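Comments concern the structure below.
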Amino acid sequence: MVSYPCKGKIPLLKEWNKLKEKKPHAPGTQFGLLCGKTNDLLVVDCDLLKDSDPNLYVDGLYAWNEWIKQHGDVCAPRVKTGSGGLHVYFCYDSQVPPSNQQLEGNLVSKEHAGKKIKIDVLTNERNVIAPGSPGYEYLTEEDKLRPLVPMPEWLKSKLQSVNNTKKRELKEPTKENNNAKKAKTTQETTGVEDSP
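Using full-length UniProt numbering, read the sequence shown as starting at 1 and increasing by one per residue.
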């Protein structure tokens with residue numbers, strides 16, 4: 001796998017996201033892994049709520065555990081992060097888009113509608129800190145032995161919903177935009193601006 005040294009979460013090499021081979025690590029650095037097609041790697045990054053407003057966000061680890069209760073274990077490698085969150089490693093999937101806390105809260109339950117879930121999807125040219133780095137360890141001994149597996153369809157569907165939301169937002173113009181468009185049309189056809 002393509003890996004490289006990091007300080008904290010920051011890669012120490014320029015153009016690390018273009019690397020094609022493993023780079024040596026210096027003592028005291030973290031192990032960075034390149035997500036995406038190069039390493040055949042996609043990581044679901046579940047962050048804790050911590051200082052985020054609970055009226056705006058859903059705890060990522062809580063959301064993940066709720067999904068597992070509903071659908072069963074994904075049997076993929078799991079890594080506890082330095083902040084207490086969770087990384088779940090899957091095979092790369094070109095149909096799953098990258099995202100940063102853009103998943104809708106109603107994917108967990110109706111009571112969380114209007115919130116965003118604190119889950120990131122790390123894929124092409126994104127960096128993840130690997131287990132073995134300080135503060136990052138496999139969740140259980142079993143996780144060390146688990147191979148990368150394709151993402152289950154139920155999870156893929158949830159993560160793809162980010163694209164559906166973006167498309168819907170583009171198709172649904174705001175009231176202000178509708179009013180502006182109406183005023184422009186009136187002016188073009190009559191030569192007179194609408195009265196406020």
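Think of the CB as a built atom: it goes at the ideal place given N, C-alpha and C, for glycine as much as any other residue.
Only a predicted model underlies this, so the values are computations on that prediction, with no experimental measurement involved.
Cutoff 8 Å: residue i Cβ touching any chain C Cβ
{"i": "arginine 78", "result": "Considering every chain present, this structure includes no chain C. It has just one protein chain."}
Beta-ladder partner(s) of residue i, from DSSP
{"i": "arginine 78", "result": "Val88"}
{"i": "isoleucine 10", "result": "Lys7"}
{"i": "asparagine 65", "result": "DSSP lists no partner for asparagine 65."}
{"i": "aspartate 120", "result": "Asp45, Asn100"}
{"i": "glutamine 30", "result": "Cys6"}
{"i": "glycine 36", "result": "Leu41"}
{"i": "proline 131", "result": "Ser133"}
{"i": "valine 58", "result": "Ile117"}
Test item: CB-CB of residue i and residue j under 8 Å
{"i": "residue 202", "j": "lysine 22", "result": "A query on residue 202 cannot be resolved here, the shown segment of the chain reaching from 1 to 196 and no further."}
{"i": "glycine 72", "j": "isoleucine 119", "result": "no"}
{"i": "cysteine 46", "j": "leucine 107", "result": "no"}
{"i": "proline 152", "j": "valine 74", "result": "yes"}
{"i": "tyrosine 57", "j": "lysine 14", "result": "no"}
{"i": "leucine 34", "j": "valine 79", "result": "no"}
{"i": "asparagine 124", "j": "glycine 36", "result": "yes"}
{"i": "leucine 48", "j": "glycine 84", "result": "yes"}
{"i": "proline 131", "j": "glutamine 30", "result": "no"}
{"i": "lysine 20", "j": "threonine 38", "result": "yes"}
{"i": "glycine 82", "j": "tyrosine 136", "result": "yes"}
{"i": "proline 98", "j": "arginine 126", "result": "yes"}
Residue i (DSSP reduced to helix, strand or coil)
{"i": "glutamine 115", "result": "Correcting the residue identity first, residue 115 is lysine in this sequence and not glutamine. Note: lysine 115 maps to coil in three-state DSSP."}
{"i": "valine 149", "result": "coil"}
Anticipated Cβ contact below 8 Å, residue i with residue j, distance rounded
{"i": "tyrosine 89", "j": "proline 77", "result": "4 Å"}
{"i": "lysine 158", "j": "leucine 122", "result": "With a Cβ gap of about 16 Å, lysine 158 and leucine 122 do not count as contacting."}
{"i": "lysine 7", "j": "valine 96", "result": "Lysine 7 to valine 96, Cβ: 29 Å. No contact."}
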